[in-house]
Every structure is written in structure tokens, then in C-alpha cells.
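In my numbering, the protein residues as written are -4 to 299. We treat Cβ as the ideally placed atom computed from N, Cα and C, and that holds for glycine. Report on the following structure.
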């Protein structure tokens, strides 16, 4: 049985850090990495959906991961999302992630064309072969990728000894139980939807990887602590409050990640906005963003 403890906890999905001109900022990336390490998170999920990877070049994604690793290597767990919409680029990013010392790589399935399971398995196994000494995590996000991880495909992927589990962002909590039930403690299953972390942990998730963890890590760390202690009622209370904050942030005209980056400016962090075509925050958003800041501050004060 493998030692998977380094993956079991709260792992924020890392936000892309740009210069004001829109280029990737190594300095701001390192600063945000330090900020999250100081918050006490288990690890970071780099260059995933929250990291705007779909709008970045291979070279930019390499630079982001290198900058994160400069601060994080040996301190926390790093999972590098390496999926691109073609196999060759994905393999190149996988090899790079292993070279710089990432603990694991992860990948969504290829998007746009709906491929059969055997083609998706070949895609993932090809990526994994480019990082032969690195753990591989399947990223299941059917609402965006357009294809769901079924049990037959999961069993096929488990023939690859480097596959250690799933980042599950499908909405049915039951999926976590189904994936976890295959290998029990010899796999790691992450809850993806932030709004159901308590439910995911309660049914068997080993931890969570989430897009809003970075803007309010204290709340999610407390949820994990309480669930581990069996205090589900208190954890649910914080979950409800985190969900209210998420709904409030999503009420803005700007993209959710643009809103969260604006909120984090109060922590002395700069992100350079989001990359088009993601919409930036507008002047109309500012009162709502101030409301969200107050909600986060009050929730952290009350529960943490």
C-alpha cells in the first residue's frame, strides 16, 4: 500500500499571477505561493481550471510551475495539472513537472471531440509515461470537459501503477464513494465542488482541491478539521457560510477568479487581473466585492 498522506488535506487550486501587462509574473506567483504556505494548506494544485491554463501557452505554464516550486518544494505537496488539448503538449508538460520535482501530475480528458474510453485511456497513459516516476491523478470534471469518468475507464486506468486516484469535480457526491470503494485507502479521492466539501469528506474523500480555497483558506481548513473530529454539525455551519460567500462572489459581472483576485488585494497580493476572454471586474462590481470581503472577514473571525 502506498503512502498517500501527503495528498490528504486542503489543497487550493492556484490562481494565475500576471504582470499588469498580462504576462506571467514569477515574482507575484512566488508571493502568492508563500501566502498560501503560511496559511497552513496541505498543498497546491497548479495550472488547473482556476489557474486559467486553457488560455496559457506551454511556456507560460512551465514558468508558473517553476516559480511555485521555487517557494514550495519540500514544504508542501504540489500537483501540476498538465492536460492540454493534444497529447504531445501534455507529455511535454508532464516531463517538465517531473523534472522540477512536482509530487504528482493531473489531467482532464481531451475536450471538444467526445472520444471513446480507449482513446482517453491512451491519452492519459501517454501523459503518464512522460513522467514515469511521478504519481498521476485523473481530473474528472464532466460539466466542463464534456465527458465523465465512468467505472470501466477508471478500472482501466488503475492498471497504470502511477495512477493514485481522482480529483472529482462531478456534482454527484456518490461518485466519490464509487471511486473510493475500488481501492479504499490505497487511493486518494479529492472532493472538487467547493460547495459540497462537507458532503464529500463525509462520504469518503481524502481531502479537497478547490477554486475558492485560495480566497478563504481558513474556512476550508476548519471544515476539514471539524469533519475529521466528527463535528459534522459545526462543519456544516461553516460550509453554509462558505457557500453564501461563493454565491455572493458569483453575483458579480466579472469572472469569479477576477473577483477573488480583487478581494485578495487586501492581503497585499497583486494578480494582474484575468486573461481574456475571461471578463474582468467592473465598476458596478465594487460594492458587491466589498460585501464579499466583509462576509469572508466575519466568517473567519467567527469560526477560525
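Residues of its chain near residue i, where Cβ-Cβ distance is below 8 Å and the 5 sequence neighbours each way are ignored
{"i": "residue 302", "result": "The first residue shown for the chain is -4 and the last is 299, placing residue 302 beyond what the model contains."}
For residue i, the three-state DSSP class (helix, strand or coil)
{"i": "residue 158", "result": "strand"}
{"i": "residue 7", "result": "strand"}
{"i": "residue 15", "result": "coil"}
{"i": "residue 144", "result": "coil"}
{"i": "residue 113", "result": "helix"}
{"i": "residue 131", "result": "strand"}
{"i": "residue 207", "result": "coil"}
{"i": "residue 76", "result": "strand"}
{"i": "residue 269", "result": "coil"}
{"i": "residue 39", "result": "strand"}
{"i": "residue 174", "result": "helix"}
{"i": "residue 359", "result": "One cannot answer for residue 359 here, as it falls past the ends of the chain, which runs -4 to 299."}
{"i": "residue 164", "result": "coil"}
{"i": "residue -2", "result": "coil"}
{"i": "residue 62", "result": "helix"}
{"i": "residue 27", "result": "helix"}
{"i": "residue 120", "result": "helix"}
{"i": "residue 194", "result": "helix"}
Per-residue burial, residue i [other beta carbons within 10 Å of its own, 16 or more giving buried]
{"i": "residue 89", "result": "buried"}
{"i": "residue 270", "result": "buried"}
{"i": "residue 80", "result": "exposed"}
{"i": "residue 262", "result": "exposed"}
{"i": "residue 108", "result": "exposed"}
{"i": "residue 17", "result": "exposed"}
{"i": "residue 247", "result": "buried"}
{"i": "residue 134", "result": "buried"}
Residue nearest to residue i in terms of C-alpha spacing, selected from the options
{"i": "residue 48", "options": "85, 238 and 165", "result": "85"}
{"i": "residue 295", "options": "232, 271 and 245", "result": "232"}
{"i": "residue 29", "options": "68, 204, 289 and 278", "result": "68"}
{"i": "residue 145", "options": "111, 97 and 200", "result": "111"}
{"i": "residue 286", "options": "244, 252 and 130", "result": "244"}
8 Å Cβ cutoff, residue i in contact with chain B
{"i": "residue 9", "result": "The structure shown has no chain B; it contains just one protein chain."}
Contact set for residue i: own chain, Cβ-Cβ below 7 Å, skip 5 residues either direction
{"i": "residue 24", "result": "12, 59, 62 and 63"}
{"i": "residue 42", "result": "48, 56, 59, 60, 75 and 76"}
{"i": "residue 95", "result": "60, 61 and 64"}
>> To test your reading of the DSSP string, which unbroken alpha helix (DSSP H) runs of 4 or more residues are found completely within the segment 208 to 271?
In response: 212 to 223, 227 to 245 and 251 to 259
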